[in-house]
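**Student:**
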Amino acid sequence: MSWKYKIQESFEKNSKILFANLKGDEEVSLSLDAEESDFVRFNKGQVRQTTSVEQAQVNLVIQTQNKIAKIAFPLTGQLDEDRKRCLLYLGKARQEMEMLPENPYPIILAESGVSQKDEKAETPNSHFIIDKVAQTVHTNDDFVGYMASGPLIKAIANSKGTSHWHSSDIYFVDYSLYSGKQGNAKAVTANVAGRNWDEESWQTSLGQSRTFLHQLQKPAKKIPRGEYKVYLAPAAVMELKNTASWGGFSQAAYKQGQCSLRLLADGQMQLSEKLTLIENFELGFQPRFNSLGEVSEAQIPIIENGLLKNLMTSSKTASEFNLKSNGADTRETPLTMEIKPGSLKRDHIFKELNTGLYLSNLHYVNWSDQKSARLTGMTRFACFWVENGDIISPIQDMRFDVSLYDIWGSGLIDLTDFQETSVNISTYNNREFGGSKLPGMLIRDFKFTL
Amino acid sequence: MTWIHSITEKTTYRTIRNEKLEESLCVVDQGVRVEVMENGFIGYAGTQDTSTSGIQRAEEKARSIALAGSHNPVFKFSAKVRPFAQGVYKTPIQKSFDAVSLKQLMDVLVDCSQAMNISDKIVQRSAGVIIVETQIHSKGPNGAETVQDFSIVALNIGATAQEGSEVQTRTLNGRSAGYQIGSELFSRHRLLPNCETVARQALELIEAENCPHDKRDLLVGPDQMYIQIHESIGHPLELDRILGDERNFAGWSFVREEDFGKLQYGSPLMNITFDPTRFGEIASYRFDESGQEAKKEHLIKNGILIRALGGLESQERSPVSGVANFRSSSWNRAPIDRMANINMETGMSTLDDMISSMEKGLIVHSNKSWSIDDYRDKFQFGCEYGQLVENGKITKIVKNSNYRGRTLDFWRNLAQVGDTLETYGTLYCGKGEPSQIIRVGHAAPYCLFKDIEVFGGG
Ligand SMILES: [Zn+2]
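Going line by line, the protein sequences match chains A and B.
For the first sequence, the numbering used here gives the first residue as 1351, with consecutive numbering after it.
For the second sequence, the numbering used here gives the first residue as 247, with consecutive numbering after it.
(1) Quick check: Ser681(B) and Ser1776(A), are their CB atoms within less than 8 Å of each other?
(2) For Ser1363(A), which residues in chain B fall below 9 Å Cβ to Cβ?
(3) Which residues, taken in chain order from the region 392–410 of chain B, show a beta carbon closer than 8 Å to some beta carbon of chain A?
(4) Considering just the uninterrupted stretch of the beta strand (DSSP E) at Trp1596(A), what are its terminal residues?
(5) So, are the CB atoms of Gly1727(A) and Asn1716(A) less than 8 Å apart?
(6) Would the beta-carbon of Gly292(B) be found less than 7 Å away from any heavy atom of ligand 1?
(7) How about Thr1777(A): is its C-beta nearer than 8 Å to some C-beta of chain B?
(8) What are the residues that DSSP puts in a beta bridge with Thr672(B)?
(9) Is Phe443(B) near Ser397(B), with beta carbons less than 8 Å apart?
(10) Identify, in the order they occur along the chain, each residue of the same chain with its Cβ nearer than 6 Å to the Cβ of Ile1418(A), setting aside the five sequence neighbours on each side.
(11) What does the alpha-carbon distance come out to for the pair Glu1376(A) and Lys1420(A)?
(12) Between the C-alpha atoms of Ser1675(A) and Leu1661(A), what's the straight-line distance to the nearest angstrom?
(13) What residue range is occupied by the uninterrupted beta strand (DSSP E) comprising Ser359(B)?
(14) Is Gly676(B) a contact residue of ligand 1, with contact defined as CB to any heavy atom under 7 Å?
(15) Determine whether the beta carbon atoms of Leu1625(A) and Gly1656(A) lie at a separation below 8 Å.
(16) Going by the C-beta, is His435(B) closer than 7 Å to any heavy atom of ligand 1?
(17) Could you round the C-beta distance between Ser536(B) and Ala554(B) to whole angstroms and report it? I think they count as a contact, below 8 Å.
(18) Count the other CB atoms, across all protein chains shown, that sit within 10 Å of the CB of Asp1616(A); report buried if there are 16 or more and exposed otherwise.
(19) Applying the criterion that 16 or more other CB atoms from any shown protein chain within 10 Å of the CB defines a buried residue, is Leu1438(A) buried or exposed?
(20) For the alpha helix (DSSP H) containing Leu718(B), name the first residue and the last one.
(21) Spatial neighbours of Ala454(B) within its chain, please: CB distance less than 6 Å, with the 5 preceding and 5 following residues excluded, ordered by chain position.
(22) So the alpha helix (DSSP H) Thr1512(A) belongs to, where does it begin and stop?
(23) Hey, would you say Glu1670(A) sits closer than 8 Å to Ile1650(A), going by beta carbons?
(24) Residues of chain A with CB closer than 7 Å to the CB of Ala580(B), please, in chain order.
(25) Looking only at its chain, what residues have a beta carbon closer than 6 Å to the beta carbon of Asn1393(A), apart from the 5 residues adjacent to it on each side?
(26) Should Asp1468(A) and Ser1517(A) be called a contact, given that it needs their Cβ atoms to be closer than 8 Å?
(27) On the DSSP letters alone, give me the boundaries of the alpha helix (DSSP H) that Thr1686(A) sits inside.
(28) Taking 8 Å as the CB-CB limit, is Asp491(B) close to chain A?
(29) Using only the alpha-carbon positions, how far apart do Pro1789(A) and Ala1586(A) sit?
(30) Arg487(B) CB to nearest chain A CB: under 8 Å?
(31) By Cβ distance below 6 Å, which residues in the same chain neighbour Met1791(A) in space, the five residues on each side in sequence not counted?
(32) Do you know offhand how far Ser592(B)'s Cα is from Leu465(B)'s?
(33) When burial is assigned at 16 or more other CB atoms within 10 Å of the CB, is Glu1386(A) buried or exposed?
(34) Could you name the residues of the region 1585–1603 of chain A whose beta carbon sits closer than 9 Å to any beta carbon of chain B, in the order they occur along the chain?
(35) For the beta strand (DSSP E) that Ala407(B) lies in, which residues bound it at each end?
(36) Skipping 5 residues on each side, what residues in its chain have a beta carbon closer than 6 Å to that of Val1538(A)?
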């Protein structure tokens, strides 16, 4: 039996044993995050490190009428060993529950039925990608980046009979091509993702990256600080979206005075009516159940035509503030966001930009002022100065400091009529589900400060 | 050749908000990383099945991917990148974590929250601790064996004040209060005065003016210096970044191999050390994960760049000299070049002298916003609490204090260095593909910089 199915069997059998050991009014919810991963990182088209990982973490939540405790521990896939662990940590969680103060925000464990999804594929392994890069990447590509590949699992079972399993065999290769020496280098970045290896999209991606890199082969122009019209490609929009999602759409953050879009939520500010943001599970990146087994609506509108419709609300926040949960997990961040397209056609981007900056990617975006929803960050990779609709030259990287109320408000000229989908490529501690579907944006008066 | 690292870690998160239970989570992690070298290339396999057969399977996997990688490696390493090591390390603590019961700890946190409850305008009071207990047990050929035990605590204490539409949050040290320490940290007489100060300063901030926008002298407090050092010295000196490994993710560096021994990084007052031996600092250790014994080294001496943050693998790839900093976030990631404790050595100036010397200045405390480019040049930082200085005296408190600049210009404008070191650290430095989060410490005195662009919010 493969590791994935061993973990599945262990989780299913041992969760039942654990539930059978509950006493009195105890209730338990168990969620599982697991992955079997091959990671290969490359530098200059050669292999820097190869790592293979099997990891499974169970998150146990136990509650009684007025107490709660949470404990997370690893599963091995060995039935007996895992049974011992489940019972050991149930005992430890009970002890903690005794010692902890009352749970002020009790939640009701989900009764959302049973579901099972197993998206099987032949994902590329370490050997495959090492050979593939050796065969298809040219020496002068200066290829750098990595592949993450293999089964990714999210599951939940609770003592009320709720049980959901979602496993997906997926991979991505996230890479950049560089040319030129350190200090005067040019670079482009891209990624390919899927289930079975897709040779065509790999070749297409490499080809486009080479062409794009070729266009950068001119001295970089130093642009003085100031306000410019910009085109943000979907990958650049993603950087803004990621940081905006960090507290910006969280109900708890809003209620606790930490929400950077507070004035929007209060109705004191509004964004462009061209802007519509949806937490959209129909994109297929993210299981609809969360770590407590609550199942979200297929679509949750967050911003509709520039007005805030919903904040991400977890059941804990809902309990505290007497609201209705919309199935958000404890972090209350959107996991599968779609931004609706506009009317700007791909062929018209340069013409409509006319004179300004074409920005493929942004880097290290962070809030710089919470109240005014200001974000600072850097341009990165393929960014160009454009005059009268023609690319003039690449630029030296610049720092921006802009308010979302401006760039997603009166400054938003149009969004592209096409969107790009991307899977979540975050691998801190573990690989993650999730993704996004985003258009490009044409924006006036984008402020650069350094 | 095979090396085995068994890593056990228990992390507990306990938070009280507005005197009530906000969060209690205990994460137990245990796994083994097997490393196998074949033809000068190392393959890594991580598993949580720590039975003999589980480790055997991991070893086979590591060997197989080591062989695959060895066909087209970035570099063919010698056995010297894994020196023989034997010894132990243990965080020096006064009191173990078991000496304080969970109930006692939660009571202390409730009292911390209560201590911040000094006004109706303090709308949120949060008192949390993260406790990390880690053991790294490494075994290599010929009886090589090291055991290192770490006890770490990070404090998350903060108060949010609100009046009308004005909201300001003040935290203890901008959430950089992280140390290698035991439960002696959880004493009321140590924590409660800090909580009161945090709440009082949050109230001051909602009444305060916005930070001005101009150029002036900037006196940077140690709990902001930590991230200035981290972002504009630590990361650009990582040798694997200079060698290009991180160019797809964290970025490259403006520092080139040929700059070592020559580059005037900052003013002659600038002395930066790699110091994994400092008592209480969060990233102290005796061995890095290659087995290299860690010792204090100058990275920048009298303003001149002399040494990189590169472990033995990077040192074989490069002529630049390095340190013992080859570290992983856990059993499921391969080690890479990381910061450990990167410190600014003390100078001769007292805090009073520095303030008196400023005609028009700003003092900044506690980081709240940070950003820098992928070459580590153009940065911008935001701080929680600012104080204006006019003619040598502190005159006003200002909110939304930000400053920006470029790395070399900034460090070359270092004009005075304080005589007292303060130690901070964070659990969250991100880097690597696949990505890793690691603990880093930064000790620094107050430092005075000339002609820095500062600005406010809005
Ligand atoms: Zn960092």
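Every residue, glycine too, gets a C-beta built ideally from N, C-alpha and C.
**Tutor:** Answer, in terms of the structure:
(1) Contact annotation: Ser681(B) and Ser1776(A) have beta-carbon atoms nearer than 8 Å.
(2) The sequence given here has Lys at residue 1363(A), not Ser. Correct list: empty, because the minimum Cβ distance to chain B is about 17 Å.
(3) When C-beta distances to chain A are compared with 8 Å, the residues of the region 392–410 of chain B below that value are Thr406 and Gln408, in chain order.
(4) Here Trp1596(A) belongs to no beta strand (DSSP E), and DSSP marks it neither H nor E.
(5) Cβ distance < 8 Å, so Gly1727(A) and Asn1716(A) count as in contact.
(6) No.
(7) Output row for Thr1777(A): interface = yes.
(8) Note: Thr672(B) sits in a beta bridge opposite Val686(B).
(9) Residue 443(B) is actually Thr in this sequence, not Phe. For the pair Thr443(B) and Ser397(B), the CB atoms are not nearer than the 8 Å cut-off.
(10) Non-local C-beta neighbours of Ile1418(A) in its own chain, meaning closer than 6 Å and more than five positions away in sequence, comprise Asn1453, ordered along the chain.
(11) Just so you know, the alpha carbons of Glu1376(A) and Lys1420(A) end up roughly 13 Å apart.
(12) Looking at the two C-alpha atoms, the distance is approximately 10 Å.
(13) In the DSSP assignment, Ser359(B) falls outside any beta strand (DSSP E) and lies within the alpha helix (DSSP H) extending over Leu348 to Ala361.
(14) Correct: Gly676(B) has its Cβ closer than 7 Å to ligand 1.
(15) Cβ distance < 8 Å, so Leu1625(A) and Gly1656(A) count as in contact.
(16) Remark: the shortest separation between the CB of His435(B) and any heavy atom of ligand 1 does not fall under 7 Å.
(17) With 8 Å as the limit, Ser536(B) and Ala554(B) do not qualify as a contact, their Cβ atoms being about 15 Å apart.
(18) So Asp1616(A) counts as exposed.
(19) With fewer than 16 neighbouring CB atoms inside 10 Å of its own CB, Leu1438(A) falls in the exposed class.
(20) Given that chain B is displayed from residue 247 to residue 704, the structure contains no residue 718(B) and the question cannot be resolved.
(21) Within the same chain, Ala454(B) has close Cβ partners Ile643, Val644 and Lys645.
(22) Where Thr1512(A) is concerned, there is no enclosing alpha helix (DSSP H), given that its DSSP letter is neither H nor E.
(23) Annotated as distal: Glu1670(A) and Ile1650(A), with beta-carbon spacing of 8 Å or more.
(24) Correct list: Gln1399 and Thr1401.
(25) Cβ within range, chain order: Val1494.
(26) The answer is yes: Cβ separation under 8 Å.
(27) That residue, Thr1686(A), is in no alpha helix (DSSP H); its beta strand (DSSP E) goes Thr1686 to Ile1689.
(28) With 8 Å as the cut-off, Asp491(B) counts as an interface residue toward chain A.
(29) Looking at the two C-alpha atoms, the distance is approximately 10 Å.
(30) So, not an interface residue.
(31) Cβ-Cβ distances below 6 Å link Met1791(A) to Leu1582, Val1587 and Leu1765 in the same chain, with the five nearest sequence neighbours on each side left out; the list follows chain order.
(32) Strictly speaking, residue 592(B) in this sequence is Thr, with Ser absent from that position. The straight-line gap from Cα to Cα measures roughly 15 Å.
(33) Classification of Glu1386(A): buried, given that the 10 Å Cβ count is 16 or more.
(34) Per Cβ criterion, the list is empty.
(35) Looking at the DSSP string, the run of the beta strand (DSSP E) that includes Ala407(B) is Glu391 to Glu409.
(36) Once the five neighbours on either side are set aside, the close Cβ partners of Val1538(A) are Leu1527, Ser1559, Phe1562, Leu1563, Phe1731 and Ala1732.
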